[in-house]
Amino acid sequence: MIESRTWFLLALFVIVLVALLNLSTIEENAPPPLLGRAIIEEFDYGMTDVERTHFDEKGHIATQLSANALYHFPQQKKIKLDQPVLRFNMADDNWQLSSKKGLLFETSKELNLQEQVELIKASDQSQSLTGLSSLKNNPLKNRPSNAISMKMSELLFNLKQQIAFSPYPVELNVDGWKIKGVGLSIDVEKQQLTLLDKVFATNEKSQAQ
Numbered sequence: 001m002i003e004s005r006t007w008f009l010l011a012l013f014v015i016v017l018v019a020l021l022n023l024s025t026i027e028e029n030a031p032p033p034l035l036g037r038a039i040i041e042e043f044d045y046g047m048t049d050v051e052r053t054h055f056d057e058k059g060h061i062a063t064q065l066s067a068n069a070l071y072h073f074p075q076q077k078k079i080k081l082d083q084p085v086l087r088f089n090m091a092d093d094n095w096q097l098s099s100k101k102g103l104l105f106e107t108s109k110e111l112n113l114q115e116q117v118e119l120i121k122a123s124d125q126s127q128s129l130t131g132l133s134s135l136k137n138n139p140l141k142n143r144p145s146n147a148i149s150m151k152m153s154e155l156l157f158n159l160k161q162q163i164a165f166s167p168y169p170v171e172l173n174v175d176g177w178k179i180k181g182v183g184l185s186i187d188v189e190k191q192q193l194t195l196l197d198k199v200f201a202t203n204e205k206s207q208a209q
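According to the numbering used here, the sequence shown is numbered sequentially starting from 1.
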């Protein structure tokens, strides 16, 4: 009776040992556990050298949007842009808005520009809105001498309402003046550009003398 019980315990021990060995082998071969929710985005089509033009009620060009590459994500109803450039007219001046990355939301018609955002005003009237193709490949260098430049880290532009907003620090360079502030508001229809808070200006020409 003792021997049968001993063999039974020994057999049970072997079964448990084999099960533990198999479990440890599975754990070693299995990938490490990940915490959080995995998000996988799939795009249904992509394009390169993209250009899109929006006209106003009178048939005039209101905005032009171009990008080196475009990727459309149908589930999120958004478009990712590589080096987007947006051109528009405000107060009879031509403006160009560019960045390293961009997100275009189809439902809200909002363009979110991210990283190295720069706004340029080219007051030279020979640089018409339709004639800015010379600035497309390198918009930050091929600018007229009387241009106004403004830099920030991110900007949200509503294409439908023609307004833009940024809560981040902004640096404006115009005619030897360097103006810094926090927050920016642009209303294309009202032809207004406003720095919102902590505005400070220095004259680089006077400092150089």
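Backbone N, C-alpha and C fix where the C-beta goes; we use that ideal spot for every residue, glycine too.
Computed from a prediction, not measured in an experiment: that's the story for all the values here.
query	result
Can you check whether the CB of Ser-149 is closer than 8 angstroms to the CB of Phe-165?	no
Rounded to a whole number of angstroms, what is the C-alpha to C-alpha distance between Arg-52 and Asn-89?	15 angstroms
In the DSSP output, what is Tyr-168 paired with across the bridge?	Tyr-168 is not bridged to any residue.
Return the residue from the list Thr-202, Trp-177, Lys-121 and Glu-154 that minimises the CA-CA distance to Leu-193.	Lys-121
Taking the C-alpha atoms as reference points, what is the distance between Glu-204 and Lys-178?	7 angstroms
Do Gln-83 and Asn-94 have their beta-carbon atoms positioned less than 8 angstroms apart in this structure?	no
Does the distance from the C-beta atom of Leu-156 to that of Asn-112 stay below 8 angstroms?	yes
Taking only three categories from DSSP, how would you classify Glu-57?	coil
Within its chain, find whatever has a CB closer than 8 angstroms to the CB of Ala-201; leave out the 5 residues flanking it on each side and keep chain order.	Trp-177, Lys-178, Ile-179 and Lys-180
Give the single residue among Ile-163, Thr-48, Met-47 and Leu-65 whose Cα lies nearest to the Cα of His-54.	Leu-65
Looking at the unbroken beta strand (DSSP E) that takes in Glu-118, where does it start and where does it end?	110-122
So, helix, strand or coil for Glu-51, using DSSP?	strand
Can you list, in chain order, the residues of its chain whose CB lies under 6 angstroms from that of Lys-101, leaving out five sequence neighbours each side?	Gln-114 and Glu-115
One question on the structure: do Lys-77 and Tyr-71 come within less than 8 angstroms of each other, judged by their Cβ atoms?	no
Taking only runs of the alpha helix (DSSP H) that begin and end inside the region 69-109, which ones reach a length of at least 4 residues, in chain order?	none
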